[in-house]
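Undergrad: Take a look at the following structure, please.
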Amino acid sequence: MPLHTRIVGGVLAVTLFTQLSACGTLFFPDRRGQIEGRVDPVVVALDAIGILFYVIPGLIAFGIDFATGAIYLPNGQYSMAPETLKQALDAEGRIDNARLKALIEQHTGHSLPLDDPRLIRHSGSVEQLASYGLVPAV
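Here you go:
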């Protein structure tokens, strides 16, 4: 194979690889599921570069990022570390609503009506956790 063909093929392969990885869904998987917010200029720029090189993959990257919500900047005011939620468990592993309400209010600033009688509770089982590959822990 001539050297010119190998160089063109290598540049094409690298360009396609960078375009496929220039998707906000791949760079920021934790942002998936957001519905709205401020648009991240880094993700928009990477997707726009894809449009410059290849129109169809760039448009697909934009579509995927908007559909998954990965194009939006994270809004951290409602997030809590899962480790902090363990403080709301009592000795038997049940959720103490008063502690949970205090934790949520302390970390997010929002008061949730956890004592509302219309609150629907779902209880799971160890089999459900195992089906998702999770280990039950208190």
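Residue numbers (numbering that gives the first Met the number 0): 0 to 137. Glycine is no exception: its CB is placed at the ideal position from the N, C-alpha and C atoms. Predicted model, so just to flag it, every value in this text is computed and none were measured.
#1: Looking at C-beta atoms only, is the number of pairs between the segment 88 to 98 and the segment 55 to 63 that lie closer than 8 Å three or more?
#2: Which word fits Gly23, buried or exposed, when buried means at least 16 other C-beta atoms lie within 10 angstroms of its C-beta?
#3: Give every residue of the same chain whose Cβ lies closer than 7 Å to the Cβ of Gly68, excluding the five residues on either side of it in the sequence, and list them in chain order.
#4: Would Ile70 and Asp115 qualify as a contact pair, given that the criterion is a beta-carbon distance under 7 Å?
#5: Mind checking whether Leu113 and Lys100 have CB atoms under 7 Å apart?
#6: Please classify Leu158: does DSSP put it in a helix, a strand, or coil?
#7: Hey, quick one: how far does the alpha helix (DSSP H) through Pro28 stretch, first residue to last?
#8: What number of angstroms, rounded off, separates the C-alpha of Val54 from the C-alpha of Leu11?
#9: Please return the same chain residues whose Cβ sits closer than 6 Å to the Cβ of Val41, not counting the five positions on each side in sequence.
#10: Is Ile94 helix, strand or coil when you go by DSSP?
#11: Taking only the alpha-carbon atoms, compute the straight-line gap between Ile59 and Pro1 and give it to the nearest angstrom.
#12: Within the continuous alpha helix (DSSP H) that includes Ile55, where are the two ends?
#13: Helix, strand or coil: which one does DSSP assign to Leu118?
TA: Walking through what the data contain:
#1: Because the criterion of three Cβ pairs below 8 Å is not met, the segment 88 to 98 and the segment 55 to 63 do not touch.
#2: When all chains shown are included, Gly23 counts as buried.
#3: Cβ contact annotation for Gly68 (same chain, cutoff 7 Å, sequence separation greater than five): Arg30, Arg31, Gly32, Gln33 and Ile34, in chain order.
#4: Not in contact: Ile70 and Asp115 (Cβ atoms no closer than 7 Å).
#5: With respect to the 7 Å criterion, Leu113 and Lys100 are classified as neighbours on the basis of their beta carbons.
#6: Since the first residue of the chain shown is 0 and the last is 137, residue 158 is not available in this structure.
#7: DSSP places Pro28 in no alpha helix (DSSP H); its state is neither H nor E.
#8: Roughly 15 Å between the two C-alpha positions.
#9: The answer is none, since no qualifying residue turns up.
#10: Shown here, Ile94 sits in a strand according to DSSP, grouped into three states.
#11: CA-to-CA, the gap between Ile59 and Pro1 works out to about 33 Å.
#12: Looking at the DSSP string, the run of the alpha helix (DSSP H) that includes Ile55 is Val54 to Thr67.
#13: Three-state result, Leu118: coil.
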